[in-house]
Each structure stands twice: as C-alpha cells, then as structure tokens.
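To start, the structure itself, in structure tokens.
Protein chains: 2
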Amino acid sequence: MPDVSGTGPEESFLAAYNPADHPPFAVTADLALLAVERGELFVLTRRRASHPFEGRLGLPSGFLGETESAGEAAERIAREKTGLGTSVAVEQLKTYTAPDRDPRMRVVSVAHVGIAATMNARLPKVVADGQTQWTRCADLKGAEMAFDHAEILEDAIERIASRMEFTLVAARFLPEAFTLSQIRMVYAAVWGVDLDPGNFQRKILASGTLEETGERYLASGGRGAPAKVYRPRVTGDPLRPAFLSPPLRRA
Amino acid sequence: MPDVSGTGPEESFLAAYNPADHPPFAVTADLALLAVERGELFVLTRRRASHPFEGRLGLPSGFLGETESAGEAAERIAREKTGLGTSVAVEQLKTYTAPDRDPRMRVVSVAHVGIAATMNARLPKVVADGQTQWTRCADLKGAEMAFDHAEILEDAIERIASRMEFTLVAARFLPEAFTLSQIRMVYAAVWGVDLDPGNFQRKILASGTLEETGERYLASGGRGAPAKVYRPRVTGDPLRPAFLSPPLRRA
DNA sequence: TAAATAGTGTCTCTCAGACAATATCTT
DNA sequence: AAGATATTGTCTGAGAGACACTATTTA
C-alpha cells in the first residue's frame, strides 16, 4: 500500500524540494502579435541572429521575471518591440512543452496572441533593431520558422479567427472608429474568405455592438461613396470586446 | 540605439544562461478529471494532508519529468490516480503563472482537462490512498479549494461544455455504446440545463455522428420503453471525437 | 390501468446566404 | 457620364425551440 503516511507524491516532493538538486526549467512567454494592413494579415517576427535556428524567423519571446506572470511578460514584450503604448491587450494561447523544443535546455513556452491596431492604414512602428519586422502571414504558410513557432502562429490565427465569430475583437485591428468595409476587410483577412458586403453589414449592425459616430469617411481611398463611421458600443470593460449576438459565423 | 550587435535579449540571455545562477521555476501538470454519474457532474479531487492549504480539496497534480511533456505528465497522473487503463485522453486547458500562486516557491502549472468514462453507471475506481475521491462539482461551487484550483475547475468545465457543442466529446463520459437518453443526461449535467428529449434526439441524430448497434437497452432502470443503443460513428482518429454538423448549440 | 420513458410530427420564428436594386461619390 | 463603393431590400432554405401525440414497457 503506497503512501501510508497520507502524504502524496507532490507534497513530499515540494517539502523536500531543493532548487540546486534539479535541472531547472526555463519559462518564456512567446507572442504572436497580429495586425492587418490593406486586407492582409501580418505577424511580428524577429530574424534570429544566432544559434539555434540562425537566420530563421521566430516570434518575439522573453523569460518571465521573478514577480511577473506570463501575461505580464507577454505585454512587456509587445511594448518593447513596438511603438504601441501600454495598452496592448494579449491573451494566453497555449503552452508548448515538448522536451526537445529548444536544443539548448528545457524551455517551457507560454504562448500568447496579441492584436496591434492599424492607424492611418499603416502597420505600427517596430523597434529599429534590424531584426524585428512585420511579416505577411501568407508568406509564412509552410515556411520554416525557428523552434515550434510555425505551429504557435497557426494556433494563434485560428484562435483569433474563432474569437471573431462571437466577439468584436476584430475592432482591435482598427483605430477607435472605422467604417464597416474596414472591419469587413479584417474579417476577410483573418478568415481568408470573401464576405458579401450587404449581408455583412446587416449582420454586424444587427448584433448591436456598434454605434454611429455621425461622421463619414472614404476608406477605399479612391472612388465610391464615403461610408458612415462607427465605433464599438462601450460595454463595461474596455479591454473585453463586446459580445456579438447573434454571432457572425464562419461558413 | 540598443542591440548594436544585432543580438536580441533572449538570445544573449540563453547563451549566457547558467542554471545555478537563477531561481528555478517548477513546472507542474494539474488535472481536472471529470465524470458523470446519474446526471451529476463529478471531478477527481485530493484532500491535502499537509501545508499549504492543509485539509482543503485540490486537483491531482505532479511535476513534469525530464523527458516528459505536460500532456504526458497529465496522462500519467490520470492513470496513477484511477483504475482506468492507458487510454485516458486529456487536453491542455490553460497555464496558471501568478507569481504567488504557491506560497513556497515559483510554480507554473499547466492545467489539463480529462474525461473519465462511466461504466455500468458507476464512477471509475480511484486509488485507495485515503485522499483521492470523486467530488460533486455542484458541491464545489463557491467552495474554498487549494491554490487556484477552484478557478482551474471552473475553466475546465466551461471548456468541456463548449467543446460539446461542436464535437461528440460527450460520448467520452459513457461506455462504447449508449442510449440517447444517457448522452442527453451528459449534456444536461455539464451544461446545467434541461433538454427536450424530442429535440435533442432529432438534432444529435441529424449530425450523423452516431450509428445504431441494433440492440436495445433500458437505461432508466425502472419503467419506460427500452431505447435503441448507439455508438459513435468511427472517424479516422479514435481519440478525436466526431464533429457535430450541424452543431448542438447551448441556449 | 397508470405512469414513465422512447420516439415522431408539426408549427413558428430567426437567421444565413444569394443576389437584385438603389444611392452616393470620385475621376 | 462612368465606375466604384455604400446601403437597403427580397427571397429561400435550414435549423432551433415549443409542444402535441403515439408507442412501448413496467409497477
């Protein structure tokens, strides 16, 4: 009969735990920061300058500080790599723990997804370190990335794509106010489909998550009628996007 | 201008990383193992025998082995604590990283959800260590649990509840073959709602994920007509439950 | 026979998607 | 005026939920 003392394996382990006795785990936060420009989806990447995977593209990443949660670390990384302010909202995605995912040592990575708002139809500025850049997600399909970052990116896009069915997260890709064709292009970019402008408009307005600003704006740049400008209807928490009811389902 | 060398913070960190120099992170896999008996949802718990949270209920948990992924560790824990065979399928849920979640040291917990199949309408056997037991989830609502395990449990139930809308995961709570009222009671237990028997039957059969075995079985124990027995229609991967099309949406 | 469960049928309402039609604006 | 975009309207079919009704079996 095991455990006669009534003390389980993890309790006795921790009671006797001596840090120096065990090979440590390193814990990082990785970040897939997404943005949309001209109907195309981009992700923030860093080209690796050293071993391992030298020369390949990877996602920004960093170790957790001693008093920092993984989410806080991911937000810090987003701030450090972009010209965005303090308000980069990131969401935890999944944790990658394969023992050999980093050839140097055991590294557990808590991956996050974030969305960067496009202002004036331009991708946000990134630090000029010669490594950090926005990369078209379409160009990364099937491409070799560092570590398991290709898998993380794929999971990240799928997470946001599915969140967009039920919430207004898509608005995070845009400035505070935007036209319906702008947000429709965000949906189209992330889902990789074309959307009927009429049906899209009827559905997203029916969800009651948007309100008119009273202004009009010619988002298309060229011809056509200027469209009404909308903003998300404020719900209690500005970080949590409004809930779409009925949802905007993918096909 | 930072990083003139072109070497980013994480690369230089890892290159210079010396395990003994840094306070290590411990990484555990926690498991919320769910089961349904007589229309009620249960979770596998362990009553803590020592500090911290002595006397409180917690979820089974264990450290990752050196060559073990978090998912493998969670499956190992499920096997060790129950009389179930090797085929306990678990899914990663979320990682909990608050710096003070364990008062003794920095512990990052990769939480998992699992489902245990109820055979002969009885919960699976658990190891007789005097600590491990099945606990009614309804009794844990608002109860004090060890660490952040109450939050993990809540997230776990929500995850399974939402998976059940689009897949046949509900069948994992049951033996290989079952009646429609049995699987309806799984839905009712996890979702916490009553379901119209007629509508449920029409919808789940329309999804095309079940096939008749040709047998009949009186699941209710007492009166009533014996119901047809069904089994999941096999799709390629036996671990991945069939996809419900159209889905069975919650209200 | 009464009661409980299994299974089917019907009706209504909502919503999705296809697509036509009109309005508005720039070149 | 021509062309592009914005916006509204119409039609059809699928599905959800409410609920009535029949069939089958045991107490």
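Protein sequence lines, in the order shown, are assigned to chains A and B. Reading the first sequence from the start, the letters are residues 1 to 251 in the UniProt record's numbering. Reading the second sequence from the start, the letters are residues 1 to 251 in the UniProt record's numbering. Built from N, CA and C at the ideal position, the CB exists for glycine as well.
Query	Result
Minimum Cβ-Cβ distance from arginine 250 of chain A to chain B less than 9 Å	no
Burial state of residue 273 of chain A (16 or more Cβ within 10 Å)	There is simply no residue 273 of chain A to check, as chain A begins at 1 and stops at 251 in what is shown.
Exposed unless 16 or more other CB atoms sit within 10 angstroms - verdict on valine 4 of chain A	Any reading at valine 4 of chain A needs caution, since the residue's pLDDT is 32, under 50, leaving its predicted position unreliable; the model's value is listed next. Answer is exposed; the Cβ neighbour count stays below 16.
Through-space distance from glutamine 92 of chain A to threonine 179 of chain A, alpha-carbon basis	29 Å
One or two residues paired with arginine 122 of chain A in a DSSP bridge	A:Met119
Buried/exposed call for glycine 62 of chain A, threshold 16 Cβ in 10 Å	buried
Counted within 10 angstroms of its Cβ, other Cβ atoms place glutamate 54 of chain B as buried (16 or more) or exposed	exposed
Residues bridged to alanine 225 of chain A [DSSP beta-bridge criterion]	According to DSSP, which records beta bridges pairwise, alanine 225 of chain A is partnered with nothing at all.
Residue-level contact to chain A via CB, proline 19 of chain B, 9 Å cutoff	In this prediction, proline 19 of chain B has a pLDDT of 47, which is less than 50 and means its spatial position is unreliable; what the coordinates show is noted afterwards. Chain A contact via Cβ: present.
Pair within 9 Å by beta-carbon distance, arginine 250 of chain B and serine 181 of chain B	no
Cβ neighbour criterion (16 or more within 10 Å) applied to histidine 51 of chain A	exposed
Proximal residues to leucine 248 of chain A (C-beta, below 6 Å), its chain only, five neighbours per side dropped	Glu165 and Lys203
For residue 252 of chain A, the three-state DSSP class (helix, strand or coil)	Outside the displayed span of chain A (1 to 251) sits residue 252 of chain A, for which this structure offers no information.
Reference tyrosine 187 of chain B, options B:Ala98, B:Ala177 and B:Val169, closest by Cα	B:Val169
Cutoff 7 Å; reference lysine 94 of chain B; Cβ partners in own chain excluding five residues on either side	Ala111 and Asp155
Buried/exposed call for methionine 119 of chain B, threshold 16 Cβ in 10 Å	exposed
C-beta contact flag for glutamate 37 of chain B and tryptophan 191 of chain B at 9 Å	no
Option in B:Glu211, B:Glu72, B:Gln131 and B:Thr67 with minimal Cα separation from threonine 45 of chain B	B:Gln131
Closest by C-alpha distance to proline 103 of chain A, when choosing among A:Gly198, A:Phe173 and A:Ala146	A:Ala146
DSSP beta-bridge partners of lysine 94 of chain B	B:Ala111
Partner residues on chain A for lysine 203 of chain B, Cβ-Cβ distance less than 7 Å	Chain A residues near lysine 203 of chain B: none, gap ~17 Å exceeds 7 Å.
Under the three-state DSSP convention, the category serine 181 of chain A falls into	helix
Beta-carbon separation (whole angstroms), alanine 58 of chain A vs arginine 48 of chain A, contact threshold 8 Å	Before going on, a small fix: residue 58 of chain A reads as glycine here, not alanine. At roughly 5 Å, the Cβ-Cβ gap stays under 8 Å, so glycine 58 of chain A and arginine 48 of chain A are in contact.
Cutoff 9 Å: proline 124 of chain A Cβ touching any chain B Cβ	no
As assigned by DSSP and simplified to three states, the class of glutamate 54 of chain B	coil
Proximity of valine 108 of chain A and threonine 28 of chain A at Cβ, strictly below 9 Å	yes
Close Cβ partners of proline 99 of chain B (< 8 Å) along its chain, the five nearest in sequence each way excluded	Arg106
Rounded C-alpha distance that separates isoleucine 77 of chain B from serine 207 of chain B	34 Å
Whole-angstrom distance between glutamate 211 of chain B and lysine 81 of chain B, CA atom to CA atom	33 Å
Sheet register partners of glutamate 165 of chain B (DSSP bridge)	BP columns for glutamate 165 of chain B are empty, so no partner.
Between the CA atoms of phenylalanine 25 of chain B and residue 266 of chain B - distance to the nearest angstrom	Residue coverage of chain B in this structure runs from 1 to 251, which leaves residue 266 of chain B outside it and unanswerable.
Assumed close pair leucine 41 of chain B, leucine 34 of chain B - CB separation to whole angstroms, cut-off 8 Å	6 Å
Nearest neighbour of alanine 189 of chain B, chosen from B:Thr167, B:Lys228 and B:Cys137 [CA to CA]	B:Cys137
Proximal residues of chain A, C-beta to C-beta of phenylalanine 25 of chain B below 9 Å	Pro24, Phe25, Ala26, Val27, Leu64 and Val108
DSSP bridge partner residues for serine 230 of chain A (one or two, in chain order)	According to the sequence displayed, residue 230 of chain A carries tyrosine and not serine. DSSP, once it has assigned bridges, lists A:Phe178 and A:Glu212 as partnering tyrosine 230 of chain A.
Reduced DSSP secondary structure (H/G/I, E/B, other) of valine 190 of chain A	helix
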